[in-house]
Every structure is written in C-alpha cells, then in structure tokens.
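Chains as they are written, first to last, in the working numbering: chain A, 1152 to 1193; chain B, -19 to 226.
Report on the following structure.
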Amino acid sequence: MLTGTPEVVKKIVEANGLVLGVNILRPSLEEAYLKLIKEEQT
Amino acid sequence: MTASILKLKKGKSSVGLLGPNGAGKTTTVRMLACLISPSGGSAKVGGYKISENPLEVRQTVGILTESPSLYERLTAYENMDFFAEAYSLSDPQEKSTRIRELLDFFDLWERRNDKVAGFSKGMKQKLAIARALVHKPPVLFLDEPTAGLDPEAAKEVRDLMEMLSRREKHTILLCTHHLEDAEKLCSRVMMISRGKSVVVGTPDELRERIAGKPTVQIALKKLDSGIIEAVKKVSQVEQVNADRNT
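Spelled out as structure tokens, the structure:
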C-alpha cells in the first residue's frame, strides 16, 4: 500500500464519495527491464 | 566488459545481474571466479584481487555455471565427495557432516547413492548448487540457476536459494533472465547491456526510475469536483486523473 492511500480514501469519504475499490498499479521489474533494454538498443 | 562497478556488502546480500543474451553476464561471473582472465581493469572478490590472487578467489567463491557439469556416472554423494576433496576438505568427519547437511538441505539425501545420470534436471541443478557450497564459500555466483527447469522445479530451486541466502549468509551474485527470480531474491539489481552497467539499484528504485511511479486507482460510485479537489489536497498526491467513463 502506498503511504498516501489511506489519506486519499479518507478525503474521498469525507467529501461524500462512495469508494467501490482501491487498486495499486505498480510497474513490474519486467516492464522496467524491457523499457531500459529497448532504450539502450535505439 | 567495460567500466562496470559493483560493490557488494559482505553476507546476506543478493545482487541480480540482468541483461539480454550477449550482454556480458556470464563473462562477468567467469572473470570474477577466475575462470577467464580480463583483458584489463581490476576486481576484488572477498578482498582478493582476481588478477593477483586467483587461488584465494577460487577458495572464496562457489559457482554454478550454466551447465551443472556433474559426473553423471558417479552418485550424488560421490560427486559431493569429489568436490569436497578438490576444495581440500580433508577431515573425514567434517567432510561427511557438510555433505550430509547440504544433501539434506537440498532434499537429496535419500538419493545420495543413486547415479546422477538418472536424476531429473531439477535434481541435477540442486546437486550442482549443493556442490558449489561444499567448501562454505562466502561468495556464491549463480548463473541462470532456474534456466531450463519446469515451473515446479524452478520454484523449488528459487525457494531453496531464498532460504539459503537467509540461512548461510552468503553474498550472492545471481545472473538471470527471470525477473521474478531477481525480484524475489535480490536486494539490488544491476542491469547490463553490451558489456556495460546501465543502471544499479533496488528493484523498487529501478521500477520507479525507469517505468514510472506507482499509481493508486480508486473506483467510485460517482465523481464530482469536490472529491477531486479534496484528493488534490493530499500532500503525497502528485497528479489526479479523473476518468468519468469507467
């Protein structure tokens, strides 16, 4: 969980928002590796 | 290889060496293990210079090369015994205790009297890692330890390596194409390309530096400007992208 996530959810609820789901999207090491190798080859 | 700098902490440190085929991973490991000579430059392993103290370096490292190179017509125990002798473990009690300890750890003790020729690829790989550890080297080089293994065997080897790095406090340099291995086992990762170090850092640092920061996706029943403004006020939030269609 990212450190700011609970605070963000709290603020949404305080603003009368109804949270249906929370998802952390983190780039994988594979994505980083493939991006780096592609950059190196061009 | 040119101008690659990598300093590993003593013990309990696992570093992954990543790069495409031909990047120089195996060459790096072979140079560091004194199996081939560098054309220039210098490196120290366990405090010993590879160019000046190759014998000391070889005693300091255990290496798993891309092919296990076991004696197929010998049993698992005989293979271990042969390499223990080669590494000058001459005290019979010490030697047999160490061999038993390793064969137990790698779940091969029950098969100790079987010839290696009849072993599966996963069993051979486990035995090759056990063999690399027989002289209790502080530094361990593992070159593609899960290559060619089926998913079950690869997971078993990966889990054993993880236990090993915690239990025996080795400094491990892991060459791999399997990013899952690097992510699970390595505290730091070096990516190399065409013989050069491109980037070094923890897996989290590399992910963030190269592929961007993580994102929190929050699904709401309805979205209005009041909610967006409230979220923008949170100090850790750098950017808010509102998608009203999903």
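Every residue gets a Cβ at the ideal spot worked out from N, C-alpha and C, and that includes glycine.
Problem - Cβ-based contacts, 7 Å cut-off: residues of the region 175 to 188 of chain B near chain A - result: Val178, Val179, Pro183, Leu186 and Arg187
Handout entry: Candidates B:Ala134, B:Arg187, B:Ala199 and B:Phe121, of which the one nearest A:Glu1182 by Cα
Key = What you label residue 1182 of chain A is simply residue 31 of the first sequence in a count that begins at 1. Measuring from the Cα of A:Glu1182, the nearest candidate turns out to be B:Arg187.
Exercise for the section: Compare the C-beta of A:Lys1189 against all C-beta atoms of chain B and say whether one is closer than 8 Å. Expected result: As a working mapping, residue 1189 of chain A is identified with position 38 in the first sequence. Not closer than 8 Å to any Cβ of chain B, the Cβ of A:Lys1189 fails to qualify, so no.
Exercise for the section: Taking only beta-carbon positions, decide if B:Met141 is within less than 8 Å of chain A. Expected result: If you number the second sequence from 1, residue 141 of chain B lands on position 161. No, its Cβ sits nowhere closer than 8 Å to a Cβ of chain A.
Exercise for the section: Run down chain B in chain order and give the residues with a C-beta less than 9 Å from the C-beta of A:Thr1156. Expected result: In the first sequence, residue 1156 of chain A corresponds to position 5, counting from 1. Within chain B, the residues near A:Thr1156 are Val196, Ile198 and Gln216.
Handout entry: Where B:Ile190 falls, given that 16 or more other Cβ within 10 Å makes a residue buried
Key = Numbered from 1 along the second sequence, position 210 holds the residue referred to as residue 190 of chain B. Buried.
Exercise for the section: Return the first residue and the last residue of the alpha helix (DSSP H) that B:Lys193 is part of. Expected result: The residue you call residue 193 of chain B lines up with position 213 of the second sequence. B:Lys193 -> no alpha helix (DSSP H), and no H or E assigned at all.
Problem - Pick from B:Arg111, B:Lys95, B:Arg147 and B:Leu159 that is closest to B:Thr126, judged by C-alpha positions - result: Taking the first residue of the second sequence as position 1, residue 126 of chain B is located at position 146. Ranking the options by Cα distance to B:Thr126, first place goes to B:Leu159.
Exercise for the section: Measuring alpha carbon to alpha carbon, tell me which of B:Ser145, B:Tyr57, B:Lys176 and B:Arg53 ends up nearest B:Pro118. Expected result: Here residue 118 of chain B refers to the residue found at position 138 of the second sequence. Among B:Ser145, B:Tyr57, B:Lys176 and B:Arg53, the Cα nearest to that of B:Pro118 belongs to B:Ser145.
Problem - Assigned secondary structure, B:Gly98 (DSSP; H/G/I helix, E/B strand, else coil) - result: Stepping through the second sequence from its first residue, residue 98 of chain B is reached at position 118. Annotated three-state conformation of B:Gly98 is helix, per DSSP.
Exercise for the section: Measure the alpha-carbon distance for B:Glu46 versus B:Leu15 and round it to whole angstroms. Expected result: Taking the first residue of the second sequence as 1, we reach residue 46 of chain B at position 66. Taking the first residue of the second sequence as 1, we reach residue 15 of chain B at position 35. Taking the straight line joining both Cα atoms gives about 13 Å.
Practice task
Output, in sequence order along the chain, the residues in the region 77 to 96 of chain B whose CB is closer than 8 Å to any CB in chain A.
Solution key: none
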